[in-house]
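Undergrad: Chains A, B, C, D, E and F supply the protein sequences, listed in that same order.
Using numbering that gives the first Met the number 0, count along the first sequence one by one with no gaps and you end on 314.
Using numbering that gives the first Met the number 0, count along the second sequence one by one with no gaps and you end on 314.
Using numbering that gives the first Met the number 0, count along the third sequence one by one with no gaps and you end on 314.
Using numbering that gives the first Met the number 0, count along the fourth sequence one by one with no gaps and you end on 314.
Using numbering that gives the first Met the number 0, count along the fifth sequence one by one with no gaps and you end on 314.
Using numbering that gives the first Met the number 0, count along the sixth sequence one by one with no gaps and you end on 314.
Every residue gets a Cβ at the ideal spot worked out from N, C-alpha and C, and that includes glycine.
Protein chains: 6
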Amino acid sequence: MKKGISNYQIGETFDHFLLIKTASKGVASNGKPFLSLLLKDTTGEIDAKLWESTPEDEGLFTPGELVKVVGEVGQFRNRAQLKIQSIRPVQPTDGVQAADFVEKAPVNKEDLMEKVTEVIFEMKNPNIQRVTRHFVKHYQEDLLTYPAAVRNHHEYVSGLAHHIVSMLNIAQQLKDLYPDINADLLYAGIILHDLGKIKELSNASSPSYTLEGKLIGHIPIMVEEIRSTAKELQIDGEEITILQHMILSHHGKAEWGSPKPPLVREAELLHQIDRIDAQMNMVNRALKKVSPGEFTERIYALDQRAFYKPSFEES
Amino acid sequence: MKKGISNYQIGETFDHFLLIKTASKGVASNGKPFLSLLLKDTTGEIDAKLWESTPEDEGLFTPGELVKVVGEVGQFRNRAQLKIQSIRPVQPTDGVQAADFVEKAPVNKEDLMEKVTEVIFEMKNPNIQRVTRHFVKHYQEDLLTYPAAVRNHHEYVSGLAHHIVSMLNIAQQLKDLYPDINADLLYAGIILHDLGKIKELSNASSPSYTLEGKLIGHIPIMVEEIRSTAKELQIDGEEITILQHMILSHHGKAEWGSPKPPLVREAELLHQIDRIDAQMNMVNRALKKVSPGEFTERIYALDQRAFYKPSFEES
Amino acid sequence: MKKGISNYQIGETFDHFLLIKTASKGVASNGKPFLSLLLKDTTGEIDAKLWESTPEDEGLFTPGELVKVVGEVGQFRNRAQLKIQSIRPVQPTDGVQAADFVEKAPVNKEDLMEKVTEVIFEMKNPNIQRVTRHFVKHYQEDLLTYPAAVRNHHEYVSGLAHHIVSMLNIAQQLKDLYPDINADLLYAGIILHDLGKIKELSNASSPSYTLEGKLIGHIPIMVEEIRSTAKELQIDGEEITILQHMILSHHGKAEWGSPKPPLVREAELLHQIDRIDAQMNMVNRALKKVSPGEFTERIYALDQRAFYKPSFEES
Amino acid sequence: MKKGISNYQIGETFDHFLLIKTASKGVASNGKPFLSLLLKDTTGEIDAKLWESTPEDEGLFTPGELVKVVGEVGQFRNRAQLKIQSIRPVQPTDGVQAADFVEKAPVNKEDLMEKVTEVIFEMKNPNIQRVTRHFVKHYQEDLLTYPAAVRNHHEYVSGLAHHIVSMLNIAQQLKDLYPDINADLLYAGIILHDLGKIKELSNASSPSYTLEGKLIGHIPIMVEEIRSTAKELQIDGEEITILQHMILSHHGKAEWGSPKPPLVREAELLHQIDRIDAQMNMVNRALKKVSPGEFTERIYALDQRAFYKPSFEES
Amino acid sequence: MKKGISNYQIGETFDHFLLIKTASKGVASNGKPFLSLLLKDTTGEIDAKLWESTPEDEGLFTPGELVKVVGEVGQFRNRAQLKIQSIRPVQPTDGVQAADFVEKAPVNKEDLMEKVTEVIFEMKNPNIQRVTRHFVKHYQEDLLTYPAAVRNHHEYVSGLAHHIVSMLNIAQQLKDLYPDINADLLYAGIILHDLGKIKELSNASSPSYTLEGKLIGHIPIMVEEIRSTAKELQIDGEEITILQHMILSHHGKAEWGSPKPPLVREAELLHQIDRIDAQMNMVNRALKKVSPGEFTERIYALDQRAFYKPSFEES
Amino acid sequence: MKKGISNYQIGETFDHFLLIKTASKGVASNGKPFLSLLLKDTTGEIDAKLWESTPEDEGLFTPGELVKVVGEVGQFRNRAQLKIQSIRPVQPTDGVQAADFVEKAPVNKEDLMEKVTEVIFEMKNPNIQRVTRHFVKHYQEDLLTYPAAVRNHHEYVSGLAHHIVSMLNIAQQLKDLYPDINADLLYAGIILHDLGKIKELSNASSPSYTLEGKLIGHIPIMVEEIRSTAKELQIDGEEITILQHMILSHHGKAEWGSPKPPLVREAELLHQIDRIDAQMNMVNRALKKVSPGEFTERIYALDQRAFYKPSFEES
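1) Per the DSSP calculation, F:Gln74 is bridged to which residue(s)?
2) Leaving out five residues on either side along the sequence, give the residues of the same chain with a beta carbon under 6 Å from the beta carbon of D:Gly3.
3) Label E:Phe16 either buried or exposed according to how many other C-beta atoms from any shown protein chain fall within 10 Å of its C-beta, with 16 as the threshold for buried.
4) Near D:Leu34, what residues of its chain come up, given a Cβ to Cβ distance below 8 Å and the 5 sequence neighbours on each side ignored?
5) Taking only the alpha-carbon atoms, compute the straight-line gap between C:Ala187 and E:Asp183 and give it to the nearest angstrom.
6) So is A:Gly73 in contact with chain F if we call contact Cβ pairs under 8 Å?
7) In the structure shown, what three-state DSSP assignment does E:His192 receive?
8) Apart from the five residues just before and just after D:Ile218, which ones in its own chain have a Cβ nearer than 8 Å to its Cβ?
9) Just to confirm, does B:Asn151 get its C-beta within under 7 Å of one of the non-hydrogen atoms of the ligand SAM?
10) Along the chain, where does the alpha helix (DSSP H) that runs through C:Ala170 open and close?
11) With which residues is D:Arg304 paired in a DSSP beta bridge?
12) Taking Cβ positions only, does B:Tyr307 come closer than 8 Å to chain E?
13) Quick one: is B:Gln8 buried, meaning 16 or more other Cβ sit within 10 Å of its Cβ, or exposed?
14) With 8 Å as the threshold, decide whether the Cβ of F:Lys103 is near any Cβ in chain C.
15) Can you name, in chain order, every residue of its own chain whose Cβ lies under 8 Å from the Cβ of B:Met0, other than the five neighbours on each side?
16) Rounded to whole angstroms, what is the Cα-Cα separation between D:Arg226 and A:Glu312?
17) Are the CB atoms of B:Tyr145 and E:Leu214 within a distance shorter than 8 Å?
18) Can you give the beta carbon distance from E:Gln172 to F:Gln172, rounded, assuming they're within the 8 Å contact cut?
19) How would you label D:Lys114, buried or exposed, when you count the other beta carbons within 10 angstroms and need 16 or more for buried?
20) Please report whether the beta-carbon of B:Leu214 lies at a distance below 8 Å from any beta-carbon of chain D.
21) With a 10 Å radius around its C-beta and 16 neighbouring C-beta atoms as the bar for buried, classify D:Glu193 as buried or exposed.
22) Label E:Asp276 either buried or exposed according to how many other C-beta atoms from any shown protein chain fall within 10 Å of its C-beta, with 16 as the threshold for buried.
23) So C:Leu143 packs on C:Leu167, CB below 8 Å; how close in whole Å?
24) Between the stretch 144-160 of chain B and the stretch 68-88 of chain B, can you find at least three pairs of beta-carbon atoms closer than 8 Å?
25) Quick check on this structure: which residue in E:Arg284, E:Ala300, E:Arg150, E:Ala305 has the alpha carbon closest to the alpha carbon of E:Phe294?
26) For B:Asp302 and D:Asp302, what's the separation of their Cα atoms in angstroms?
27) Using a Cβ-Cβ cutoff of less than 7 Å, which residues in the same chain neighbour F:Ile220 once the five nearest sequence positions on both sides are dropped?
28) Let me confirm a value: A:Gly10 is counted as buried when at least 16 other C-beta atoms fall within 10 Å, else exposed. Which label applies?
29) List, from N- to C-terminal side, the beta strand (DSSP E) runs of 3 residues or more that fit wholly inside the stretch 238-271 of chain B.
30) Would you say E:Lys82 faces chain D, with C-beta separation under 8 Å as the test?
31) Identify the contact partners of F:Val282 in chain E, using a Cβ-Cβ distance below 7 Å as the criterion.
If you want it as structure tokens, here you go:
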């Protein structure tokens, strides 16, 4: 199998297929037009310039298209950059498809769904169980394909479900260690906490923010959906208020987007588990790219920290 | 007419009726029980101690009860304190009623309602108009009696409507000065922005926070109500998202409880008008209590500032 | 009439007059010298590069000069950039003048002056009136031509007077709504609050900071001028201290340049009105440049917010 | 068995044994001396006043002494206060001992030690294993009796070991979920992270800060001890630097006492696990004291939050 | 000589003269009036209660009066408190005077004046010299008697001059070490930097804030005085702007009251020298009150730090 | 003598020797490789581009090498940039050496050492003296050659010793002015405070951070070394704890890297003297580069301030 774009060294020639993520036209310092492309496969992304581009090029090379590219991998301002020597749209005979160029969660949908179904099945509180089951059924397709975020962590197809399942696993362990925990609340909170992303983001594979996402945000969207779902199911217990509170407070602090801090034990745990899984996702993926004895690149969402991989680790 | 409790000087004897706002039992340094009361009339509040109280006293003197009190006005730790010489519950023959001891907005309900009705009538956008009218009808009684807050500003019966009407007046003037303003949005935002307080607070006359108020808060409550009302009225335009955004952002900043800052012109104006009217309410009432050449007491919600009344002002 | 530079699309050819705002020499990546120009008309500004510039070019194309330019509008790092094909200084026969290329307040000087004169005439406190009138007379020419700031809001010729008049209008309305306001103080504060800019900035049409502006700033400059003017007019009442306080505190907080926060009601109002008018000036101008359903560019002085123009607005 | 001091209601008479935690002399408003005592048993603490105390009283009633007290439980400024009617030192015939009045971790020392020994045994990296084992042996007695803090969380006898074991349990689970984790580092970091408290605090049962604790603090103390222990054991690998870094960074941020933020994956996890276990310890203990439908008292170390116990929880 | 009030231990009887600093009437928990006095001599202050005070007492015992007091030194809420047994106004035959009860700088006025005169004499820049000399002459009496602050540091008679002289000494040494320093600027800045306190505070011996002090503050007051003095002396060089800047910026940061940070080398040094001398004044005086091996009380203006006196220091 | 690189104007041709500080390969917009070099002599640094570089060039032009360069001084994004026309490695016959191209402290090593030796000799406390002397002996060579920092202040060969000696001079003067100061502690603190940089940085002439420097930092490194040195010298007095505290706290605040703030007088002074000398070093060097009437470039470590050189200063 061909190696991915992230594995090329400066100076190597790339000759393979890539997916266009973004494309914009510019004018070079010599006054000639060029296309600035962001190309990707499952291993990563690379900037590319198509110098002296024609209007026809602009029509052909648009976001979402697959292309066959030949070019040399160089560097510009410390970022890898592909100097395109030739580029053409894929043809049916190339036998490649967009789905193969998009990063996906490293687990399959059936396993994800099974885990979610399992914890809902185990719930003892019927109100919490009915609301949670309703949401999972209602959003099942999107829940299984959406990313958990546009960038930073779990920002790939099925990232949302991957994040949920990973958090459920942590929650189950903590329930064993701290038996006072109300598992129904915690599991429901985990499953529901980021479902508002399905309305905040435009779609699963190349997500951007919707108007509702920009002006309201996934947290108030979901607080509202829980109430209207409860009405629809004719459920009116305090469980609904607690679930709303858990969603509302799961970012932990007002300045992080939660108008109320966690005021219920399981809300606080939801916030902590969310942080740990998001961090591990970011740190582990960054560490995978470096060798023992090296620092990772700076991770924006972790206060720009670069993490060190001890030299006594296995590479 | 008898002068109110706030107008008494240290050393004067008070002999009149007061309403018990709070009551709690304590043990004095001599080991004897006493009742610590907070008594009020429309001019203000005063602490009072009933030394060597009996269990019968505890049964009689509870929050919401009216009492006839004789006592000397003293001072303890810089707060006025009434030293009770005699106290008894009111009798029917006293001819006083609780409603006369509660502070009320300095305008009547008809005038308040008329103003609100007028601006709704003038709205041109049918979606905004229908939603706003629905809320006003649905919550009419509470809208006319609730305070705008538990403390700080407009914290009296009908304070919410008083605040709304005052803000509408400012908004109408600004609309004249900046004609680009979308008056429908701004007026609807003003009328709806604090309606969530009706669920956040327990009642109009002696409000405390409800569980929903503590765990969710009036902003998300109202964001949710606008959506469900729109569904009920089968309205689905972008107006609903904008109205939700205006409520969501009207505290201006994440750390003040708005997960999104104002991103629509009228949302920003709503925030500014809300601030101005709240500040004027606090500052004017504080300045009324002092003479020219004096500073007011520190106002908690205005960064603990004490305001100066110039000596060339009329008293 | 020719359309302004801001109205050109990428790819269009511009062939008209522009004013040079700034000019600096650079060395291109091919080692050849070039001139980097910032060109403007009343609709906006555009970067331009004159490649392979000669020493003669450097002498001709300097800030303040008018030029005839032909070039294609392109883009570099998301900013519009004019690729110059030909450029020459204007000739008398071109019949254009610099004054036509500078943005000006959308009202005339007579109207501005009339409003200011009117509110001074209405003042009842003779001390406040005399001080205010003295300043207006003394600085009349500059007051009518200076901008209110170098950037962000009212940053155009006569912006200062435009800002003052707009604030006076708001103040007059608030005086009606809150009759306790001392109108003399508020109007005087509005007229005087930014007059120190006349010493802080070098001139009205292409202002930069003076040494006094950089080391002292317009607030302490004006606090000082009020005192010395009062001495000159042999006025010594508390009004002078209050006026100084209003100027000193009008930025609202120490970290925004006011060593004292507003401690007088009218000082607080001055701060609020200043904010509202500055914000409306920024937001309205940004919204004018976009169509319904779009976001404005990020506005630096409003916490980098981009504002949304609802799609149901008229364009 | 007698009920503990925390379980008494206002007005009840207490007649039992208590341990004196602190004692100080005061002068009452009537000019007479009194003793202000803080008395405790395993259920909590209570303030007490011994009015008109004699010099003999001062000699008898000192911190660490056990006393027999009769008195009425009252309230002063919202805190329970015991009004002493009679008090005397315990006599041998009373058959009580100080150890019975001190709160202890709810697990026994053997179990704590077994867990620590087990994870050390499982370590694969000999350098990490030797250093960790050395510390555990060297400080075994104190490690098993010290609290983890003077207040807030695990602030009881054997609290440190209880905290370590609880964290080890979480770590073992996370290791299963995220197999990339270097378990040796994480376990060693957990065991060592708060050992500096043994020098920071004066003793296990009534700890106060030592001079070294006040001027240096447990983090730098432990960073230093790891280096000197490594020297003693003639170990010089990068493992030592990493272990020092984990201790140094385990408070997470400079303003929380860590001059370096976590820059190694296991350091970040150590910080997160420490937080979770400390929070669960605080929240669980606070929730135990309230009934379903109530809020706990405000928890100082959790940003003064009061936590709600849902009414559908079992009490 | 009698020992001062600060040197008494709890339980000792005081029988000597004290100066009344503040006096206020209260009502005791038994309903009887009392006088709350703050009494002082040069060693410190003590709270005192005169129980069951008469109206005559209130007339006799007012701030500024000297009294002969007998009473026992006790403690209330960790503060020393004098329980008055007898108190009477001083009589001529007592032979004591108020001046002996006020703390004064530990140097005499002639030495202070000599130092100031010396550095002015040495100045080379005639503009700086003339302005500085003018201020010193104009304010000579107040400059020699005012405190440098109401609390925290140099808060005693002649504290301002003491602070100036101490700073001049540091400045002279730094001038030797960093010869580039413009000594004229630095010395003038030191002499002038706090002169505005003379208008900010009411008087030298029992200072409170004036209205101008509260609304404008000593920094803008002095910035203004430098300009008007320069006008009066017909000096108009850049030196005046620099001197104004030095005063304006000497608190170092906007949030500490300086709208401009130091932007001239000598302005930065002025800020640093001011800090050092203020800190040394606070720390040295606090350390004088404790023995080796003890911590001082917390010093409010130094972030509430308590300083340790090493046990190997001489006491 | 040839003028240094910092003294060239835009447009001038440079033809002399320079030292390569950093070198990295890039790809130009025309797709050709180039070398990006940072070249320096004792007067400063300049960016340089070697266009169309060959693999041989990459081998020749590496950090630490001396080169003969001919090129024109231009500008790119407001930074000077050398456009290389020819470049070659130095040859023995050129008679230049790297040591002549590195900035060094403006005093010689003997004078630095003499001062340090003198203050150690004068110490009275034998414990402090022995520890200090031990460190100076142990690290003598590095102490005399290391910089005090990688950037900002004293960032040149022997900068550390220069900084120490300069601080000792200030300390000696302050000791005269405030005789209570414990000179032994203060001098020892100054000599030791930054010695941890010797382990934090890789070497004296082209320092980068070591792993220990990145993960632990010079402050904890030195705190640890003082303890182990004391053990080695069998010294165990409180002096050691105080010295550790002084190092630990010398950055003044937690957010600046000191987990404890200064709690000993001499620790506070150490912090203040460190600041003053660092600031004077930065400000003086920046002011040297500009003429009277100009502002310096912004100084990063001084909150990005640009300092003004008064026009009445000598240039």
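TA: Taking the geometry as given:
1) F:Ala79
2) Asp40, Thr42
3) buried
4) Ala22, Ser23, Lys24, Gly25, Lys48, Leu49, Ser52, Asp56, Glu57, Phe60
5) 40 Å
6) yes
7) coil
8) Gly195, Ile246, Leu247, His249, His250, Gly256, Ser257
9) Absence of the ligand SAM from the depicted structure is noted, as is the absence of any ligand whatsoever, leaving it without description.
10) 158-176
11) D:Ile298
12) yes
13) exposed
14) no
15) Because B:Met0 sits at a pLDDT of 48, beneath the cut-off of 50, its placement in the model cannot be relied upon, and the following sentence gives the value as read from the coordinates. Excluding positions up to five away in sequence, the list is empty.
16) 21 Å
17) no
18) 4 Å
19) buried
20) yes
21) One detail in the question is off: residue 193 of chain D reads as Asp in this sequence, not Glu. That one is buried.
22) buried
23) That belief does not hold up - the Cβ atoms of C:Leu143 and C:Leu167 are roughly 15 Å apart, past 8 Å.
24) no
25) E:Ala305
26) 20 Å
27) Gly195, Lys198, Glu199, Glu211
28) exposed
29) none
30) yes
31) Arg264, Glu267
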